[in-house]
Structure formats: C-alpha cells, structure tokens
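If you count by my numbering, then the sequence shown holds residues 87 to 248, one letter each, in order.
Here the structure is laid out as structure tokens; the discussion comes afterwards.
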Amino acid sequence: MSNDIRIGSGFDVHAFCEGDHVMLGGVRIAHSAGVDAHSDGDVVLHALCDALFGALALGDIGVHFPPSDMRWKDADSMDFLRHAHQMIQDRGWRLGNCDITIICEQPKISPHLSDIRASIAAGLHTEVDNVSVKATTTEKLGFTGRKEGIAAQAVCLLVRRG
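And the structure:
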C-alpha cells in the first residue's frame, strides 16, 4: 500500500491585549484589541502551519520558529506559511485542501472570509477552492466567549506529487 496522502491538524490560541487589530489569515482586521504574541499572533496561519508541519511529521510551528528566538519577534506569519509551503514542495507533496475554523465572539469574521481565503491561497500557491475558512462562537462560554482571546483550528490534506 502506498502512502499518497497525509493529513495534519493544528490549533492555536492567543489572548487579547491592548491594540487596534488582529491578523487573521494574513489579513489585518480592525478590532478593539490586539493579541499577546511573539510574532504577529495570526492564529489562523499558526494553526494552519501546525497542520502542514504535522502532515509532514516535522513537529509544530514552535520547532521551526521558536518564540525564544528574537528573529521572530513581531514576524509576519505569512513568512511562516511560505516556509511550510516550501517544505511541502521540497518533500514531494502538494496541498490537496485545508479547512480552518476561527473561534471567537469578536471580531466578526464573516465580512473578511473571502479576503482570508484569498490570502491563504496566495501564500500556498493554490486555488481558493482548496481553502475553506469559517468561523464559530462558543456561545459565550469559555475564554473566547468572554472575549478574552481568539483561537483557530485547521486540518489539511497533502497529496503526493506525481
């Protein structure tokens, strides 16, 4: 039996802090808070990178971009995604698809979904139809329900290039 597909999953969370925007999928979204993070704190791209690295069995985003390394202070998470994409290509894989869920009460995500999908697709050099992004709340339960932070989870399918 050949191993022509691989699946990965990822999750990321950041607490809100003082600020005026959040980065989600490479898109700057105005908000009454920022996120407490070493890089730009893009939970969408961090979860997606974890899924991609996981599918390759190469650890998580912290292995590749450790928060203890000052090179990554305030880094653009699209650079992380581009790195993950290059690793996929270098190992003979391509993205089949990815599915991402953003978990928060605020900011409202639906007005930005098209831009987020397009941004991720560009970062992965794939069609927008290969990128699913959706949002949900926790019905005011937990830290996201109390508007203390934001989370994202992602799954991806990698297909062997042939």
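Just so you know, even glycine gets a beta-carbon here, dropped at the ideal spot from N, CA and C.
This structure is a prediction, so every number in the text was calculated from the model and none was measured.
Taking Ile206 and Val108 to be in contact with their CB atoms under 8 Å, please state how far apart those CB atoms are, rounded to whole angstroms. With 8 Å as the limit, Ile206 and Val108 do not qualify as a contact, their Cβ atoms being about 15 Å apart.
Separation of Arg247 from Met87, as counted between CA atoms: Because the pLDDT at Met87 is just 46, under 50, the model does not fix this residue reliably, and the value given afterwards should be weighed accordingly. So the alpha carbons of these two residues sit roughly 17 Å apart.
Point to revise | Candidates Pro193, Arg180, Asp122, Met156, of which the one nearest Ala221 by Cα | key: Sorting Pro193, Arg180, Asp122, Met156 by C-alpha distance to the C-alpha of Ala221 places Pro193 at the top.
query: Along the chain, where does the alpha helix (DSSP H) that runs through Ala119 open and close?
result: Careful: Ala119 lies outside any alpha helix (DSSP H) and carries neither H nor E.
Worksheet item: Is it true that the CB of Gly111 sits closer than 8 Å to the CB of Leu131?
Response: yes
_DSSP-derived helix/strand/coil call for His124_ = coil
Q.
Whole angstroms are fine: how far does the CA of Met173 sit from the CA of Arg114?
A. 26 Å
By alpha-carbon positions, which one of Asp136, Ser95, Arg157 ends up nearest to Ala170?
Asp136
**Request:** Take the Cβ of His100 as the centre, count every other Cβ of all protein chains shown within 10 Å, and call the residue buried at 16 or more, exposed below.
**Result:** buried
Proximity below 8 Å, CB of Leu134 to CB of Cys184 = yes
* To do: With DSSP collapsed to three states, give me the class of Cys192.
  => Position check: residue 192 holds Gln in this sequence, whereas Cys was assumed. It is coil, neither helix nor strand.
request  = With DSSP as the reference, label Phe166 as helix, strand or coil.
outcome  = It is helical.
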